[in-house]
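In terms of UniProt numbering, the sequence shown opens at residue 1 and continues consecutively.
No residue lacks a Cβ here, since even glycine has one placed at the ideal position from N, Cα and C.
Owing to the predicted nature of the structure, the values given are computational and were not obtained by experimental measurement.
Reviewing the structure listed below.
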Amino acid sequence: MDTTIINIFCLILLFVGILGTFLPVLPGLLLSICGLLIYKFGTDADLPMIYIWAFGILTAASVVLSYVIPAKTNRKYGGTRWGSIGSVVGTIVGIFIPIPLGFLIGMFAGVFIGELLHDSKDMNKALQSTKGALIGFIYGTGFSFVVGVAMFLVVLLNMFNVI
Numbered sequence: 001m002d003t004t005i006i007n008i009f010c011l012i013l014l015f016v017g018i019l020g021t022f023l024p025v026l027p028g029l030l031l032s033i034c035g036l037l038i039y040k041f042g043t044d045a046d047l048p049m050i051y052i053w054a055f056g057i058l059t060a061a062s063v064v065l066s067y068v069i070p071a072k073t074n075r076k077y078g079g080t081r082w083g084s085i086g087s088v089v090g091t092i093v094g095i096f097i098p099i100p101l102g103f104l105i106g107m108f109a110g111v112f113i114g115e116l117l118h119d120s121k122d123m124n125k126a127l128q129s130t131k132g133a134l135i136g137f138i139y140g141t142g143f144s145f146v147v148g149v150a151m152f153l154v155v156l157l158n159m160f161n162v163i
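Below is the structure:
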């Protein structure tokens, strides 16, 4: 197969992966890492293996952090363990609900419901905890976006022999 076609395919995967960091219907960094791996092993690219390992670790960290950060920021904003557990459970349940942004709605609903189960009289605390989960989601998404853009730039710069 022609190297140019493979390079274009890799750039498309990397770009769609970047879009997937904030569009939940796309697998995000999974597509980006696939583009990176196809570029490295499907062409005669001289991309150092350190990039593959580094981006592999960052991708794995991003997957873990996308669940952990909202739960942790929930607690920072006054949430309890109930809200943190609700965040994780709501995200998992929301993935299987066939509505747009189901995982996100599930996460916020999980935090809110978890906090209300803990203290049904303090709705303000439940709302603050949900706000913390939203901020955590933004941090996690931002991290994934930066990693995706970095992968794209590394491949692009390597194609033009800059690195």
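Next on the checklist: On a Cα-Cα basis, can you pick out the residue from MET159, PHE160, PHE145 and ASN158 that is closest to GLY17?
Outcome noted: To locate residue 17, count along the sequence shown from 1; it is residue 17. Closest by alpha carbon: PHE145.
Checklist entry - Counting Cβ pairs, one atom from each stretch, are 3 or more of them under 8 Å apart for the segment 132-140 and the segment 113-120? => result no
Checklist entry - In chain order, what residues of the same chain have a beta carbon less than 7 Å from the beta carbon of THR80, not counting five sequence neighbours either side? => result Numbered from its first residue, the sequence shown carries residue 80 at position 80. Contacts found: GLU115 and HIS118.
Item to check | Buried or exposed by the 16-neighbour rule on C-beta atoms within 10 Å, applied to LEU69 | outcome: For the purposes of this step, residue 69 is taken as residue 69 along the sequence shown, with counting starting at 1. The residue asked about is misnamed: residue 69 is Ile in this sequence, not Leu. When all chains shown are included, ILE69 counts as buried.
Checklist entry - When burial is assigned at 16 or more other CB atoms within 10 Å of the CB, is SER120 buried or exposed? => result Residue numbering aside, residue 120 sits at position 120 when the sequence shown is read from its first letter. So SER120 counts as exposed.
Checklist entry - Is the beta carbon of CYS10 less than 8 Å from the beta carbon of ILE38? => result One-based indexing of the sequence shown puts residue 10 at position 10. One-based indexing of the sequence shown puts residue 38 at position 38. Yes, Cβ-Cβ distance for CYS10 and ILE38 is below 8 Å.
Checklist entry - Whose CA, out of ASN124, ILE6, MET49 and SER129, lies closest to the CA of LYS76? => result To locate residue 76, count along the sequence shown from 1; it is residue 76. Closest option to LYS76, Cα to Cα, is SER129.
Next on the checklist: Once the 5 residues before and after ILE95 are set aside, which same chain residues still bring their CB inside 8 Å of it?
Outcome noted: Residue mapping note: residue 95 aligns to position 95 of the sequence shown, counting from 1. Counting only Cβ-Cβ distances below 8 Å, and skipping sequence neighbours, we find GLY102, PHE103 and GLY106.
Next on the checklist: Let me check understanding here. Comparing Cα to Cα, which of ILE6, VAL111 and LEU31 lies closest to VAL63?
Outcome noted: Residue mapping note: residue 63 aligns to position 63 of the sequence shown, counting from 1. That would be LEU31, whose Cα lies nearest to the Cα of VAL63.
Item to check | Supposed close pair LEU65, PHE143 - CB separation, criterion 8 Å | outcome: Translated into positions along the sequence shown, residue 65 becomes position 65. Translated into positions along the sequence shown, residue 143 becomes position 143. Between PHE143 and LEU65 the Cβ distance is about 6 Å, and since that is below 8 Å, they are a contact.
Next on the checklist: Taking the alpha-carbon of THR73 as reference, which of ILE5, LYS40, LYS131 and THR4 has the nearest alpha-carbon?
Outcome noted: Position 73 of the sequence shown, counted from the start, is the residue given in the question as residue 73. Ranking the options by Cα distance to THR73, first place goes to LYS131.
Next on the checklist: Rounded to whole angstroms, what is the Cα-Cα separation between PHE157 and ILE12?
Outcome noted: Counted from its first residue, the sequence shown places residue 157 at position 157. Counted from its first residue, the sequence shown places residue 12 at position 12. The question names Phe, but residue 157 in the sequence shown is Leu. Going from the Cα of LEU157 to the Cα of ILE12 covers about 15 Å.
Next on the checklist: Assuming contact is defined by CB atoms lying nearer than 8 Å, are residue 206 and ALA109 in contact in what I supplied?
Outcome noted: This structure leaves residue 206 out entirely; the chain is present only between 1 and 163.
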